[in-house]
Amino acid sequence: MTNDSDTLIRVEDVRTHFFLDEGVVKAVDGVSFDLARGATLGVVGESGCGKSVLARTIIRIVPRPGRTIDGAIWYHRPSEGGGERPIDLASLEADGAEIRDIRGGEITMIFQEPMVSFSPVHTIGDQIVEAVTLHRNATREEARAIAVDTLRRVGIPNAESRIDEYPFRLSGGMRQRAMIAMALSSNPTLLMADEPTTALDVTTQAQILELMADLQEEFGMAMMLISHNLGVVAQTTERIIVMYLGKVVESADVRTLFRDPKHPYTQELLKSVPKLRRRRQTERLAAIYGSVPSPYERPAGCPFHPRCPQFMAGECDVIEPTLKAVSEGHSVSCLLYSEETDS
Amino acid sequence: MSADSSQTILEVDGLKVYFPIISGLMRKVRGQVRAVDGVSFDLRVGETLALVGESGCGKTTTGRAILQAVQPTGGRITFMTREGDRVSTISAARDVQSIIRQEIQLIFQDPFASLNPRMTIFDIVADPLMANRLSRGRELEERVTEMLRLVGLSPDYMRRYPHAFSGGQRQRIGIARALIMNPRLLIADEPVSALDVSVQSQILNLMQDLQEQLDLTYLFISHDLSVVQYISHRVAVMYVGKIVEIAPTDDIFSAPKHPYTQALLSSVPIPDPEVRTRGGALEGEVADPANPPSGCYFHPRCPMAEEICRETEPPFAEVSPGHFSRCHFYADLDLPGVPE
Ligand SMILES: Nc1ncnc2c1ncn2[C@@H]1O[C@H](COP(=O)(O)OP(=O)(O)OP(=O)(O)O)[C@@H](O)[C@H]1O
Ligand SMILES: Nc1ncnc2c1ncn2[C@@H]1O[C@H](COP(=O)(O)OP(=O)(O)OP(=O)(O)O)[C@@H](O)[C@H]1O
Ligand SMILES: [Mg+2]
Ligand SMILES: [Mg+2]
């Protein structure tokens, strides 16, 4: 898809499992993808498919009893004198100096739970200044100036005074803006945003998405946007990976994915999205049969087979498909397409 | 559907719910949050009316006032019982109250938080009947079985606990529990917001089937306009405690007559990368219901605001039969609605 010099992150067959008394949850189970410098990637899939764990895996903050047991995460880290040096984030010490230097600096994250990003007992200014001094080699005065400037850039009015507010004093939309400001203040190469607008109203969501798109162009960072809202990813990302039970089932550029989805899961998912039209719709909404199985009762063969309208008995429940290219930049993990690529 | 011809089941007239803002050591009342500020609408048997609008505009409070979970500051709520009596829900005698409590039920938003994790599915669904001592033993078990079948769950699951169920299944359990009292009006407060799209469709289809089978009336509270379009016959748009537009669903989506309705429609991210929706975002934030602006509450964010909007509150004007707008310029507005 991209030549090597463009690549920012290359994730190779990563597995993060949770070892619980009830059994092993294979939250991320053999995921691979590339993310180019300055590119935008959407990650979609139903609740529990592993989107958040995937992002946490990249910056090595998987909580216990979770462990990344396999795979590589090649981060092409810019080096001081220009050029870059690939390092495998998966092989780093989880709380070692190098990953701590990268996390919150070069790679930042907006968390799904707003209160994970911000501590309630410090002002937003103090928290941004802290992040900036830690990662940008700036004095406190310089850092404060950067913080005010970033808050202003994300559209917070009276940034000079709002900087001394506590997070809980801000409205949902303003807190989200402050969170984006914090994630941007270190000038990251990659921003991972986990459901950044899910808790917001459509009007505020539209404001925040526009803001993120503008800032992404302006700062030139790469962005990984996690969302279960297909409208949000359609409007903001260039490439999409679709996950199901810890695996990538399809990956393509956004237009191809929406115009010509190959995996039955992607097809069903797209059909089930209610579309805004001019007239009241009286036909029934398409729904995917059944529901996502419990992580302890992972189906054999293709994990989607019990819900799949194109299920082939004796194959899909036996053979586990792997991700294969169906065309340039478009990969699918489904037995329907396996012969075409094997021959 | 029987929606337009049939009789009225609920009339809400000038409903106000104000919450006092109390502060300081002396617990003095510093002001009032006008959560619901003069809301009027009626509901006809067998129809679905959607209540939409941004967070904090008063949707849930309106629903809670109808359910008698909060005391209105002013206005009237009149309910027509199964027996055909017109009763005021606010001043009703106790025997009438219990009729209302049986005929109006609530479906909650969050299927994860709303079910007691220590109760079995049987206990959860049977609870309204048991609490009111209306049924027990074999009869109760048969009734629970019937309800679970009705919402598409196997009665074999009756002795399990909620944690063993997916989000969609839990929402089915919540619906079974609401239906066991044989209600006529259901207030559904964001019933599918916490669910994945795939499962959301299952629940919306189920709600539609049940409506036809049981002649149910829904007040459907939601902030998701795409969902609203599938389920509702009419839509009421709220802004800072007031209904700013109410109309049949087609009119709201193809010929809205309030700039706020248009702003909501333009903000929905379209699940199609070929259609770019960027550039239409509304500026500013929702007004504070404790300290609303002068004139039309929407004027600080309205792209069309003029002097009169800052000074005078617009009347609730009838645009066409059944279509009302609270905008000074309703007659001149040519808003596109959802793009063709
Ligand atoms: N701390 C944890 N302990 C045990 N299991 C976990 C933990 N965190 C996640 N999991 C499990 O890992 C799987 C993937 O979870 P993840 O949070 O990544 O899903 P998601 O795709 O982000 O879902 P959502 O859309 O609901 O946010 C799930 O089965 C989840 O239950
Ligand atoms: N018990 C209460 N005491 C004081 N204020 C309240 C109370 N309940 C609601 N409010 C306020 O009344 C207003 C309307 O709240 P309500 O919950 O009805 O909004 P909503 O439209 O349902 O919003 P959401 O979409 O976030 O659920 C808000 O400003 C809210 O803070
Ligand atoms: Mg998540
Ligand atoms: Mg509410």
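Line by line, the protein sequences give chains A and B.
Going by the numbering used here, the first sequence opens with residue 957, and the numbers climb by one from there.
Going by the numbering used here, the second sequence opens with residue 9, and the numbers climb by one from there.
Glycine included, each C-beta is placed from N, C-alpha and C at the ideal position.
Flag residue i as yes if its beta-carbon sits less than 8 Å from any beta-carbon of chain B, otherwise no.
i: SER1008 of chain A; result: no
i: PHE974 of chain A; result: no
i: LYS1231 of chain A; result: yes
i: ILE1244 of chain A; result: yes
i: ARG1118 of chain A; result: no
i: GLU1173 of chain A; result: no
i: GLN1161 of chain A; result: yes
i: HIS1184 of chain A; result: yes
i: ARG1109 of chain A; result: no
i: GLN1083 of chain A; result: no
i: ARG1125 of chain A; result: no
Any C-beta of chain A sitting closer than 8 Å to the C-beta of residue i?
i: ILE85 of chain B; result: no
i: PHE261 of chain B; result: yes
i: ILE278 of chain B; result: yes
i: PRO281 of chain B; result: yes
i: SER13 of chain B; result: Here SER13 of chain B scores only 46 on pLDDT, less than 50, and its place in the model should not be relied on; the value that follows carries that caveat. No, SER13 of chain B does not count as interfacial toward chain A.
i: TYR338 of chain B; result: no
i: VAL5 of chain B; result: Residue coverage of chain B in this structure runs from 9 to 348, which leaves residue 5 of chain B outside it and unanswerable.
i: GLU293 of chain B; result: yes
i: GLY176 of chain B; result: yes
i: ASN213 of chain B; result: yes
i: HIS231 of chain B; result: yes
i: SER10 of chain B; result: Residue confidence for SER10 of chain B is low, a pLDDT of 41 falling below 50, so the modelled location carries little weight and cannot support an answer.
i: THR285 of chain B; result: yes
i: VAL205 of chain B; result: yes
i: TYR165 of chain B; result: no
i: GLY345 of chain B; result: yes
Apply the 10 Å Cβ neighbour rule to residue i and answer buried if 16 or more other Cβ atoms are within range, or exposed otherwise.
i: ASP340 of chain B; result: exposed
i: PHE306 of chain B; result: buried
i: HIS353 of chain B; result: Nothing can be reported for residue 353 of chain B, as the shown portion of chain B is limited to 9 through 348.
i: ILE30 of chain B; result: exposed
i: PRO1019 of chain A; result: exposed
i: SER1283 of chain A; result: exposed
i: TYR1221 of chain A; result: buried
i: GLN1239 of chain A; result: In the sequence under discussion, the amino acid at residue 1239 of chain A is Glu, which differs from the Gln named in the question. When all chains shown are included, GLU1239 of chain A counts as exposed.
i: ASN299 of chain B; result: exposed
i: GLU1346 of chain A; result: The question about residue 1346 of chain A has no answer here: the residues shown for chain A are numbered 957 through 1299.
With a threshold of 7 Å (Cβ to nearest heavy atom), would residue i be considered close to ligand 2?
i: CYS65 of chain B; result: yes
i: ALA43 of chain B; result: yes
What would DSSP say about residue i, mapped onto helix, strand or coil?
i: THR996 of chain A; result: strand
i: LYS1007 of chain A; result: helix
i: GLN208 of chain B; result: helix
i: LYS982 of chain A; result: strand
i: ASP340 of chain B; result: coil
i: ILE1066 of chain A; result: strand
i: THR257 of chain B; result: helix
i: ASP1105 of chain A; result: helix
i: GLU968 of chain A; result: strand
i: HIS1286 of chain A; result: strand
i: ASP103 of chain B; result: helix
i: THR1089 of chain A; result: helix
i: ILE98 of chain B; result: coil
Taking 7 Å as the cut-off, does the CB of residue i come closer than this to any heavy atom belonging to ligand 4?
i: ASP1157 of chain A; result: no
i: ASP50 of chain B; result: no
i: ASP223 of chain B; result: no
i: ASP1216 of chain A; result: no
i: THR68 of chain B; result: yes
Heavy atom of ligand 1 less than 7 Å from the Cβ of residue i, yes or no?
i: LYS1007 of chain A; result: yes
i: PRO1251 of chain A; result: yes
i: GLY976 of chain A; result: For the record, residue 976 of chain A in the displayed sequence is Leu; it is not Gly. Yes, the Cβ of LEU976 of chain A comes within 7 Å of a heavy atom of ligand 1.
i: GLY1001 of chain A; result: yes
i: VAL1188 of chain A; result: no
Examine ligand 3 and report whether any of its heavy atoms sits within less than 7 Å of the Cβ of residue i.
i: ASP985 of chain A; result: no
i: ASP1150 of chain A; result: yes
i: GLN1068 of chain A; result: yes
At least 3 beta-carbon pairs within less than 8 Å: the region 195–210 of chain B vs the region 226–237 of chain B: Touching, yes, given that three or more Cβ pairs across the two stretches are closer than 8 Å.
The region 1196–1216 of chain A in contact with the region 1156–1165 of chain A per 3-pair CB rule at 8 Å: no
Meets three-Cβ-pair contact criterion under 8 Å: the region 89–105 of chain B and the region 130–142 of chain B: Verdict: no, contact absent.
The region 204–222 of chain B contacting the region 1228–1244 of chain A, beta-carbon criterion three pairs below 8 Å: Contact holds: three or more Cβ-Cβ distances are below 8 Å.
Cβ contact (3+ pairs, closer than 8 Å) linking the region 981–1000 of chain A and the region 1176–1190 of chain A: Here the region 981–1000 of chain A makes contact with the region 1176–1190 of chain A; the two share three or more CB pairs at distances below 8 Å.
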